[in-house]
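Peer 1:
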Amino acid sequence: MHLVAISGSLRANSTNTKIIRAAAALAPAGTTVTLYERLDDLPHFSPDRDRDEKTAPASVAHLRDLLQAADAVLICTPEYAFGIPGSLKNALDWTVSSGSLNEKPVAAIAASPLYSGGANAHAALLLTLTALGARVPDAGKLTIPTVNAKLSPDGTVTDPALLQDLRGLVDALMTAR
Ligand code: FNR
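According to the working numbering, the sequence shown is numbered sequentially starting from 255.
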């Protein structure tokens, strides 16, 4: 069982990266987890670049290969200006033609310091995952309001209800594959 975890934040002290690490740590023994940390390496998506395989950037091939080999994918995104960060959307756009997420079990989380829980970004992410043909189980959808109050500085989830939600989400992802 191989799980790929993607944080939509490039920030060094990202709450979303802490959440994705905490969620991935709840996967059953024997699961290998790869935290994808190369969102920043991807060029801006263009259909012209996508069409020409000879000039397809190595970073794109790396992302596609990683997703193709994954049994399940975990995404946790912040909300910027009511949407998902451009760098995450850019990565997802690169997977349209490759079909890397088609039929793939994916869990979708949004985390925000606000009470909204990043609901706009979550809805946007789910819409894009639908376009990509990903399989998102109902229990694999989660918004996390006031995330800062639920994490210790080292990234430990201190909120018991959130920990339970993350357990349920990872379980749903494992049984969806
Ligand atoms: C934000 N933030 C934010 N939060 C939110 O819930 N809805 C929003 O629309 C926005 N918009 C927004 C725009 C910009 C430019 C910034 C820098 C921030 C706040 C955001 O949720 C917060 O910075 C999180 O901590 C970002 O996630 P990471 O980096 O901690 O994972």
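Beta carbons are placed, not taken as given, at the ideal position from N, Cα and C, and that holds for glycine. Quantities reported herein were computed from a predicted structural model and do not represent experimental measurements.
(1) Measure the CB-CB distance between THR349 and GLY371 and report whether it falls below 8 Å.
(2) Comparing alpha-carbon positions, which option in LEU368, ARG421 and LEU381 lies nearest PRO399?
(3) When DSSP labels each residue in this structure, what does HIS298 get in the three-state scheme?
(4) Looking only at its own chain, which residues have a Cβ that is under 8 Å from the Cβ of ARG246, when we skip the five neighbours before and after it?
(5) Ignoring anything shorter than 3 residues or poking outside the stretch 301-350, list the beta strand (DSSP E) runs there in chain order.
(6) Near SER406, what residues of its chain come up, given a Cβ to Cβ distance below 8 Å and the 5 sequence neighbours on each side ignored?
(7) When burial is assigned at 16 or more other CB atoms within 10 Å of the CB, is PRO391 buried or exposed?
(8) Which residues does DSSP pair with ILE274 in a beta bridge?
(9) Residue ranges of each beta strand (DSSP E) run of no fewer than 3 residues wholly in the stretch 343-429, ordered along the chain?
(10) Measuring CB to CB, does LEU296 end up less than 8 Å from ALA345?
(11) Any beta carbon of chain B sitting closer than 8 Å to that of LEU396?
(12) Report yes if the C-beta distance between ILE274 and LEU328 is below 8 Å; otherwise report no.
(13) With DSSP collapsed to three states, give me the class of THR238.
Peer 2: If we stick to the structure as given:
(1) no
(2) LEU368
(3) coil
(4) The chain is shown from 255 up to 431; residue 246 falls before or after that span and cannot be answered.
(5) 326-331
(6) THR412
(7) buried
(8) In the DSSP output, where bridge partners are listed per residue, ILE274 has none listed.
(9) 360-365 and 395-398
(10) yes
(11) The chain inventory of the structure shown lacks chain B, comprising one protein chain alone.
(12) yes
(13) No statement about residue 238 is possible, as the shown extent of the chain runs from 255 to 431 and does not include it.
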